[in-house]
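**Student:** Letter by letter, the sequence shown follows residues 212 to 446 in our numbering.
For each residue, glycine too, the CB sits at the ideal point set by N, CA and C.
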Amino acid sequence: MQDKVKELLKYDTPSITNVVGTYPSDTENCLGLYHPWEGRWYTDQRLRCMYPELGRRAGYAVTCVYGVYDPKFIRLGFGDILRAIAASPKPVVLAVKQNLPERIKNMNGLIGGQMMTAFRSAGVVGVLSDGPSRDIDEIRSLGMQYMLTGIAPGHGYFTLEAVNVSVEICGMDVMPGDMVHMDENGATKFPPDRIADVLARAERLQTNEAKRLKLMSETSDIEELGKIMGGIYDI
212 MQDKVKELLK YDTPSITNVV GTYPSDTENC LGLYHPWEGR WYTDQRLRCM YPELGRRAGY
272 AVTCVYGVYD PKFIRLGFGD ILRAIAASPK PVVLAVKQNL PERIKNMNGL IGGQMMTAFR
332 SAGVVGVLSD GPSRDIDEIR SLGMQYMLTG IAPGHGYFTL EAVNVSVEIC GMDVMPGDMV
392 HMDENGATKF PPDRIADVLA RAERLQTNEA KRLKLMSETS DIEELGKIMG GIYDI
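The following block contains the structure:
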């Protein structure tokens, strides 16, 4: 299965979304796994890619939730996240929910270089979070993709509230074990048991789009361009 996950990196995230759910009326090329608008299966514009130059990442989701400091709840710790990563198929994409009041969330540089180094050693290839984090320069050299809403240099005390539960990250609902694909366009997800179907359609889509782009680059005739694009958009 790791070979198939690696094969996903041949395609950008918009292409993966196209075959997962963007055009459900196209039953040949789109799996229609989610409602395009209401399925909560890809991230919105709040999520930013910190390292576009590092390219795409794909992996099995492990999730966790951090909240405000609660001295009465000390059942979970960093080791619980590491154990969940160790128990997951590899590679792993870690989805971190910041369950914090907005004012605190906006200034919470939650994940830093030491945490990210431990995550990489445990098998994580990318992290996405619905809040800010820090240590951008330090983490870049680790080669992990890092997708956040922004950057903040510090934080206060916080509590790990949950590990491997359903979380919402910038419009995308993530369950433990979901296959997550991410690049500078954002992130999307699909059930890992559909990876062969996604790959087959992504390959066909890429071939068809390459032919269409070649034809459009060879003509400036408006009517001809409309015919080439026919069936995709109503021109």
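What residue from N375, K425, A407 and G367 has the CA that sits closest to V279's CA?
**Tutor:** G367
**Student:** Please go through the same chain and pick out, in chain order, the residues whose beta-carbon is closer than 7 Å to the beta-carbon of R331, but skip the five residues on each side of it.
**Tutor:** Excluding sequence neighbours, R331 sits near L353 and M355.
**Student:** With a threshold of 8 Å, are at least 3 pairs of Cβ atoms found where one atom belongs to the segment 421-439 and the other to the segment 291-304?
**Tutor:** no
**Student:** Just to check my reading of the structure: C260 and M358 have Cβ atoms closer than 8 Å, yes? What is that Cβ distance to the nearest angstrom?
**Tutor:** 5 Å
**Student:** Runs of 4 residues minimum, wholly inside the segment 258-329: which ones carry the alpha helix (DSSP H) assignment?
**Tutor:** 289-298 and 313-316, all fully within the segment 258-329.
**Student:** Under 8 Å by Cβ, that's how I've got T254 and M383 pegged, so tell me the actual separation to the nearest angstrom.
**Tutor:** 5 Å
**Student:** Per DSSP, what kind of secondary structure is S332 in: helix, strand or coil?
**Tutor:** helix
**Student:** For G323, which option in K308, V335, P364 and F401 has the closest C-alpha, if you only look at C-alpha atoms?
**Tutor:** P364
**Student:** How big is the Cα-Cα spacing for D445 and I439?
**Tutor:** Confidence is the limiting factor: at D445 the pLDDT is only 43, short of 50, which leaves the residue's position unreliable, though a coordinate-based value still follows. Each residue's alpha carbon lies about 12 Å from the other.
**Student:** When DSSP labels each residue in this structure, what does G361 get in the three-state scheme?
**Tutor:** DSSP, read as helix, strand or coil, puts G361 in coil.
**Student:** May I ask you to list the residues that DSSP assigns as paired with H392?
**Tutor:** A269 and T399
**Student:** Buried or exposed: where does K217 fall if 16 or more other Cβ atoms within 10 Å of its Cβ makes it buried?
**Tutor:** exposed
**Student:** By Cβ distance below 7 Å, which residues in the same chain neighbour G243 in space, the five residues on each side in sequence not counted?
**Tutor:** By the criterion of a C-beta distance shorter than 7 Å, G243 is surrounded in its chain by G232 and P235, once the five residues flanking it on both sides are discounted.
**Student:** What do you reckon, are the CB atoms on R251 and E379 nearer than 9 Å?
**Tutor:** yes
**Student:** Looking at the secondary structure, which residues open and close the beta strand (DSSP E) in which L371 lies?
**Tutor:** L371 -> beta strand (DSSP E) spans F369 to V374.
**Student:** Is the CB-CB distance between R267 and M393 below 9 Å?
**Tutor:** yes
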